[in-house]
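Note that the protein sequences, when read in sequence, are chains A and B. Each residue of the first sequence is one higher than the last, beginning at 281 in this note's numbering. Each residue of the second sequence is one higher than the last, beginning at 281 in this note's numbering. Glycine is no exception: its CB is placed at the ideal position from the N, C-alpha and C atoms.
2 protein chains.
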Amino acid sequence: MKSTHKPTMKDLAREVGLSVSVVSRVLNGKAADYRISEQTQRLVREAATKHGFSVNQIARGLRLQKTKTIGLLIPDISNNFFSSIARTVENAARRRGYAIVLCDTEDDEQVEQEALSLLLDRSVDGLLVSPIGKASAHIQGACARNVPLVLVDRFFDDHDIPYVTTNNFQGAYDGTSHLINCGHRRIGFIQGLPDSKPNCERLRGYRQALRDHRIPVEDSWVQGARFEEADGYASAQRLLDSLAAPTALFASSSLGALGVMRACLERGLRIPDDVSLIGFDEYPYAPLLAPPLTTIAQPTREIAELASRMLIDWLETGEAPTDRVHVLDTELVLRNSVAQLTPPA
Amino acid sequence: MKSTHKPTMKDLAREVGLSVSVVSRVLNGKAADYRISEQTQRLVREAATKHGFSVNQIARGLRLQKTKTIGLLIPDISNNFFSSIARTVENAARRRGYAIVLCDTEDDEQVEQEALSLLLDRSVDGLLVSPIGKASAHIQGACARNVPLVLVDRFFDDHDIPYVTTNNFQGAYDGTSHLINCGHRRIGFIQGLPDSKPNCERLRGYRQALRDHRIPVEDSWVQGARFEEADGYASAQRLLDSLAAPTALFASSSLGALGVMRACLERGLRIPDDVSLIGFDEYPYAPLLAPPLTTIAQPTREIAELASRMLIDWLETGEAPTDRVHVLDTELVLRNSVAQLTPPA
DNA sequence: TTGTAGGCGTTATCAC
DNA sequence: GTGATAACGCCTACAA
Chain A
281 MKSTHKPTMK DLAREVGLSV SVVSRVLNGK AADYRISEQT QRLVREAATK
331 HGFSVNQIAR GLRLQKTKTI GLLIPDISNN FFSSIARTVE NAARRRGYAI
381 VLCDTEDDEQ VEQEALSLLL DRSVDGLLVS PIGKASAHIQ GACARNVPLV
431 LVDRFFDDHD IPYVTTNNFQ GAYDGTSHLI NCGHRRIGFI QGLPDSKPNC
481 ERLRGYRQAL RDHRIPVEDS WVQGARFEEA DGYASAQRLL DSLAAPTALF
531 ASSSLGALGV MRACLERGLR IPDDVSLIGF DEYPYAPLLA PPLTTIAQPT
581 REIAELASRM LIDWLETGEA PTDRVHVLDT ELVLRNSVAQ LTPPA
Chain B
281 MKSTHKPTMK DLAREVGLSV SVVSRVLNGK AADYRISEQT QRLVREAATK
331 HGFSVNQIAR GLRLQKTKTI GLLIPDISNN FFSSIARTVE NAARRRGYAI
381 VLCDTEDDEQ VEQEALSLLL DRSVDGLLVS PIGKASAHIQ GACARNVPLV
431 LVDRFFDDHD IPYVTTNNFQ GAYDGTSHLI NCGHRRIGFI QGLPDSKPNC
481 ERLRGYRQAL RDHRIPVEDS WVQGARFEEA DGYASAQRLL DSLAAPTALF
531 ASSSLGALGV MRACLERGLR IPDDVSLIGF DEYPYAPLLA PPLTTIAQPT
581 REIAELASRM LIDWLETGEA PTDRVHVLDT ELVLRNSVAQ LTPPA
């Protein structure tokens, strides 16, 4: 092996004694359109195989203004929910010839903005984004530049950006209702990032369930500020410290639930005997926790597949999706972290 | 706002009535080198800010043969270990101006090969890879093309590719020794992908620990073929079905341990009372499992930081790292999944 | 059926 | 101090 240099079409052209255009046409499957002779085709293809030629997507991207690349902008790839999303997205994208450029925003607006620039500078064809907070200028900027963008999980309802998300309201409503049906009246809500749509919707579902069952909603029952274990832990401590401590806790995220469990463990409080717990979001460890956790499962795979499909179809057809909004159903997974306080009716 | 079009240097040049060269030089911080007048500089910079100019990395990449992009090729991004690696890598890379192109190989050689081509076609400057199996032609191909490459977690010892990994041998040795010290003699080993280095090393550590304690090693005690929950589950079933069933199980991966727990749960076997368990790899849920799992923790963050640093330094200096091999220490995290069979000496 | 030339946006080189 | 030009590798309208 002599060369350490990736062969270009020019190299092939020189070798077979033809022009670069012919090589390009053959290798792009346009031989028929140009009625290129069988012999020439064979010649070109053989040379390509022999040298292991593959097209330079950078050059092609510059020429075509299409890079076959999608930017994926998410808050925390180490969170099981988002890493599952990422896996499905990457897979779906690769099957259609797209590469995924990953950026982790750490739920920080500043980082989100920088990361977005990083992606735009690389001329990604489209974006899949789970934004930090409310509609922000930089996200809209991307849209204004006509970069196709689909929101995942978190979305804006005061804009016309397409999105795929979970029915967070219904999920939280179902979970809270379950707690109420089990006899709980004092139910704490451990929230995540307050500005994020999923959190708002979950909170709304929680409140609505209380209201529908004629239970007054106390503001002090809602605690927390971030989708993090430590935040769930601190929030749980605060709630359990209160005079009329809740008999049940609804955690708006899987990490939040984890923090709650740690707090309970530390206080010697048993779940569900002393405190009941439901966590939003399902994950492989939930059934093996102490106790097995009752959760609200999201259709992670469907979300990711649908969002990728919407975006890629958009990229290939040039037309924004007609069904702009997709809200997928959750499922209440009953396990063993909720106590029955009063006998069922 | 009139234009939906990302401004180019040409646009700026036209606006300020100067040549593209000047614009390029100012915006690349080479004003001093070319003694460009203060006034011109200000003019250019103002125009740039006004139009929100940012450089087109595709064009620049073509010209410079550097894309400021790193390919990350890992077996399973939904696995907590790898998603933690990915997060740290992405972070470190972005701080130095690099974007990460993510590919998930699903522990499939075919996919790995395709994904690698995808990355190479996009002219990534370097690669961070956790390969499927033994040194394979396509990985070596990348090296032959002088694309800097650092292996993470999984590596080859019959090549001179730099790598960062865990001391898997020692970790497994420590874990197995702990089981032995607790009085266990019949210890099963639930392995992952047999060809992968981490798995080989862990198996070797397990065997060595047995040997050092004069416990004969039975081949039938080693079960499993993939780093997956279902595989751990099936392997555990097989081991627990055997006539002289093990009193303890060592799972070579976190997902394997999860499968073991499910198998035990299903059989009504209690951990640690009926079977003891240690799992390689630590994760946030381990302390809250039933029972809290004794694990071998890997320094995930350090691995990822070191590997990124090695690669990026290599890219920027043009010189391969002098310290080619890095093996970081594990830590045995004692919890509650191992029973003491005989009183300590 | 094949070739030529221009350009995608940038930067390095050389000229003025 | 500034500008023109060529080139990175590819694609395509136009020419032959």
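Let me know the secondary structure DSSP gives residue i once reduced to three states.
{"i": "Ile419/B", "result": "helix"}
{"i": "Tyr486/A", "result": "helix"}
{"i": "Phe333/A", "result": "coil"}
{"i": "Ile388/B", "result": "The question names Ile, but residue 388/B is Asp in the sequence shown. The answer is coil: DSSP assigns Asp388/B none of H, G, I, E or B."}
{"i": "Glu394/B", "result": "helix"}
{"i": "Gln503/B", "result": "strand"}
{"i": "Leu444/B", "result": "Before going on, a small fix: residue 444/B reads as Val here, not Leu. Here Val444/B sits in strand by DSSP."}
{"i": "Cys544/A", "result": "helix"}
{"i": "Gly536/B", "result": "helix"}
{"i": "Ile460/B", "result": "helix"}
{"i": "Leu298/A", "result": "coil"}
{"i": "Ser556/A", "result": "strand"}
{"i": "Glu509/B", "result": "helix"}
{"i": "Phe435/B", "result": "coil"}
{"i": "Thr574/A", "result": "strand"}
{"i": "Gln455/B", "result": "As written in the sequence, residue 455/B is Gly, which differs from the Gln given in the question. Here Gly455/B sits in helix by DSSP."}
Starting from the Cα of residue i, find the closest Cα among the options and give me that residue.
{"i": "Leu323/A", "options": "Gly341/A, Arg315/A, Ala293/A, Arg518/A", "result": "Ala293/A"}
{"i": "Asp433/B", "options": "Asp554/B, Ser334/B, Ala379/B, Phe449/B", "result": "Phe449/B"}
{"i": "Ile467/A", "options": "Cys480/A, Gly485/A, Leu344/A, Ser476/A", "result": "Gly485/A"}
{"i": "Gly406/B", "options": "Asn359/B, Asp356/B, Asn461/B, Lys346/B", "result": "Lys346/B"}
{"i": "Lys477/B", "options": "Asp438/B, His493/B, Ile357/B", "result": "Asp438/B"}
Please state if the CB of residue j and the CB of residue i are separated by a distance shorter than 7 Å.
{"i": "Lys330/B", "j": "Gly377/B", "result": "no"}
{"i": "Val369/A", "j": "Ala584/A", "result": "yes"}
{"i": "Leu621/A", "j": "Glu582/A", "result": "no"}
{"i": "Ala528/B", "j": "Leu459/B", "result": "yes"}
{"i": "Ile354/A", "j": "Phe362/A", "result": "yes"}
{"i": "Val444/A", "j": "Ala587/A", "result": "yes"}
{"i": "Val381/B", "j": "Val335/A", "result": "no"}
{"i": "Gly504/A", "j": "Ser515/A", "result": "yes"}
{"i": "Val497/B", "j": "Phe469/B", "result": "no"}
{"i": "Ala379/B", "j": "Arg402/A", "result": "yes"}
{"i": "Ile365/B", "j": "Glu389/B", "result": "no"}
{"i": "Glu508/B", "j": "Leu538/B", "result": "no"}
{"i": "Arg615/A", "j": "Leu573/A", "result": "yes"}
{"i": "Tyr565/B", "j": "Arg542/B", "result": "no"}
Under 6 Å Cβ to Cβ from residue i, same chain only, skipping five residues before and after it: list those, please.
{"i": "Ser500/B", "result": "none"}
{"i": "Arg604/A", "result": "Pro442"}
{"i": "Pro287/A", "result": "His331, Phe333"}
{"i": "Gln393/B", "result": "His418"}
{"i": "Ala489/B", "result": "Tyr453, Thr456, Ser457"}
{"i": "Gly297/B", "result": "none"}
{"i": "Pro552/B", "result": "Ser617, Val618, Ala619"}
Enumerate in chain order the residues of its own chain whose CB-to-CB distance from residue i is below 8 Å, with the five nearest sequence positions on each side excluded.
{"i": "Tyr576/B", "result": "Reading the sequence as shown, one finds Ile at residue 576/B and not Tyr. Closer than 8 Å at the Cβ level, and outside the excluded window around Ile576/B, lie Gly451, Ala452, Asp454, Gly455, Ile558, Gly559, Phe560, Asp561, Glu562, Thr610, Glu611, Leu612, Val613."}
{"i": "Gly309/A", "result": "none"}
{"i": "Arg589/B", "result": "Ala372"}
Against residue i, what residues of chain B qualify as contacts under a CB-to-CB distance less than 8 Å, listed in chain order?
{"i": "Arg491/A", "result": "Residues of chain B passing the Cβ test: none, with the nearest at roughly 32 Å."}
{"i": "Ile357/A", "result": "Ile357, Ser363, Ala366, Arg367, Glu370"}
{"i": "Ser403/A", "result": "Asn336, Gln337, Ile338"}
{"i": "Ala538/A", "result": "First, the amino acid is wrong: residue 538/A is Leu here, not Ala. Near Leu538/A (Cβ distances below 8 Å), the residues of chain B are Pro564, Tyr565, Leu568."}
Chain A partners of residue i, CB-CB under 8 Å?
{"i": "Tyr486/B", "result": "Within chain A, no residue comes near Tyr486/B; the closest Cβ sits about 23 Å away, beyond 8 Å."}
{"i": "Ile380/B", "result": "Val381, Leu382, Cys383"}
{"i": "Glu508/B", "result": "Under the 8 Å cutoff, chain A gives no residues; its nearest Cβ is about 11 Å from Glu508/B."}
{"i": "Thr446/B", "result": "What Thr446/B touches in chain A: nothing, since even the nearest Cβ is about 18 Å away."}
Going along chain A in order, which residues have a C-beta closer than 9 Å to the C-beta of residue i?
{"i": "Arg542/B", "result": "Pro567, Leu568"}
Please compile the residues from chain B whose C-beta is within a distance smaller than 9 Å of the C-beta of residue i.
{"i": "Leu342/A", "result": "Asn336, Ile338, Ala339, Gly341, Leu342"}
{"i": "Pro579/A", "result": "Here the premise fails: no neighbours, minimum Cβ distance about 15 Å."}
I want to verify the contact list: residues of chain B whose CB lies under 7 Å from the CB of residue i, in sequence order.
{"i": "Lys286/A", "result": "Arg425"}
{"i": "Thr347/A", "result": "Ile338"}
Here's a check: name, in chain order, each residue in its chain whose Cβ is nearer than 7 Å to the Cβ of residue i, leaving out the five neighbours to either side.
{"i": "Ala328/A", "result": "Leu292, Leu307"}
{"i": "Ala311/A", "result": "Arg305, Gln321"}
{"i": "Asp356/B", "result": "Phe362, Asp384, Glu386, Asp387"}
Name, please, each residue of chain A whose Cβ falls closer than 7 Å to the Cβ of residue i.
{"i": "Ala395/B", "result": "Arg374"}
{"i": "Thr574/B", "result": "Ordered by position in chain A, no residue passes the 7 Å Cβ test against Thr574/B, which lies about 15 Å from the chain."}
{"i": "Leu398/B", "result": "Arg374, Ala379"}
Shorter than 6 Å, the distance from the beta carbon of residue i to the closest heavy atom of the ligand COA, or not?
{"i": "His458/B", "result": "The ligand COA is absent from the structure shown, which contains no ligands of any kind."}
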